[in-house]
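Visitor: Got a structure for you, written out below as structure tokens; questions coming shortly.
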Amino acid sequence: MEWLIKLLEKHGASAELIAAIKEDTKNQNYIPKERFDEVNNSLKELKGQLAERDKQLKELGEKVKDNEELTKQIQALQEANKKAAADYEAKIRNITLDNAIKQKLTEGKAKYTDLLMSKFDREKLKIKDDGSIEGLEEQFNAIKESYKDLFEQPISGKTPINSGGSPQGEELIRTQIANAINGKF
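Residue numbers for the sequence shown follow my numbering, so the first one is 88 and each next one is one higher.
And the structure:
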């Protein structure tokens, strides 16, 4: 506002006119030069910051292209990890089922366990949390019924009376041998 007063005095304005102008400018939305300069400098500073941000965004945009490749690599590695985990789970499942089936066939006195292992439908077998196999007993019983000849049959009957050989039997044999040697038939 001071610059305006100096300008008016330089051109010969009266003191009353200058006072009236001062009074008029106080009531209106007059912005002093200091405030204008302050706001203008702030605007220039903000424009500079905006330009800096634009530059950073452009740099980030270029890095994102590389980042997309990294993202693709990370996704490929994640997929490979999922596949490896699934393969591992499948191997563990197969090993668990093989052991359980083999043990069940051995307990059931199967003659050819490797041959009979292929007869089990592994898709219907489920491993429980406690490690037992659901559906194993049912399939085993069905296979044992279908392939009776491939399982050892229990021998039933009575134990022979002279199974271990009695002293009487030994004596009889000795007598027969002695008679044969002496020519007595």
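Backbone N, C-alpha and C fix where the C-beta goes; we use that ideal spot for every residue, glycine too.
Using three-state DSSP, classify Lys198 as helix, strand or coil.
Guide: DSSP places Lys198 in coil when its eight states are reduced to three.
Visitor: In this structure, how does DSSP classify Glu239 when only helix, strand and coil are distinguished?
Guide: Coil, per DSSP.
Visitor: Name the DSSP bridge partner or partners of Ile220?
Guide: Ile220 pairs with Ile214.
Visitor: In the structure shown, what three-state DSSP assignment does Tyr175 receive?
Guide: Correct three-state label for Tyr175: helix.
Visitor: Tell me the rounded alpha-carbon separation between Glu149 and Glu139.
Guide: Approximately 15 Å, taken between the alpha carbons.
Visitor: So what's Asp208 in DSSP terms, helix, strand or just coil?
Guide: Coil, per DSSP.
Visitor: Pull up the distance between the alpha-carbon of Glu103 and that of Trp90, whole angstroms please.
Guide: One C-alpha to the other measures close to 17 Å.
Visitor: Can you check whether the CB of Lys206 is closer than 8 Å to the CB of Gly222?
Guide: For Gly222 and Lys206, no; Cβs fall outside 8 Å.
Visitor: Tell me which residue opens and which closes the alpha helix (DSSP H) that Lys93 is part of.
Guide: Glu89 to Lys97 is the span of the alpha helix (DSSP H), which, as asked, contains Lys93.
Visitor: Check whether the segment 222 to 231 touches the segment 175 to 191, counting contact only when three or more Cβ pairs, one atom from each stretch, lie closer than 8 Å.
Guide: Taking 8 Å as the limit for Cβ pairs, the verdict is that the segment 175 to 191 does touch the segment 222 to 231.
Visitor: Is it buried or exposed for Leu130, if we count other Cβ within 10 angstroms and need 16 for buried?
Guide: By the 10 Å Cβ count, Leu130 comes out exposed.
Visitor: Could you tell me the distance, in whole angstroms, from the CA atom of Glu146 to the CA atom of Asn128?
Guide: Roughly 27 Å between the two C-alpha positions.
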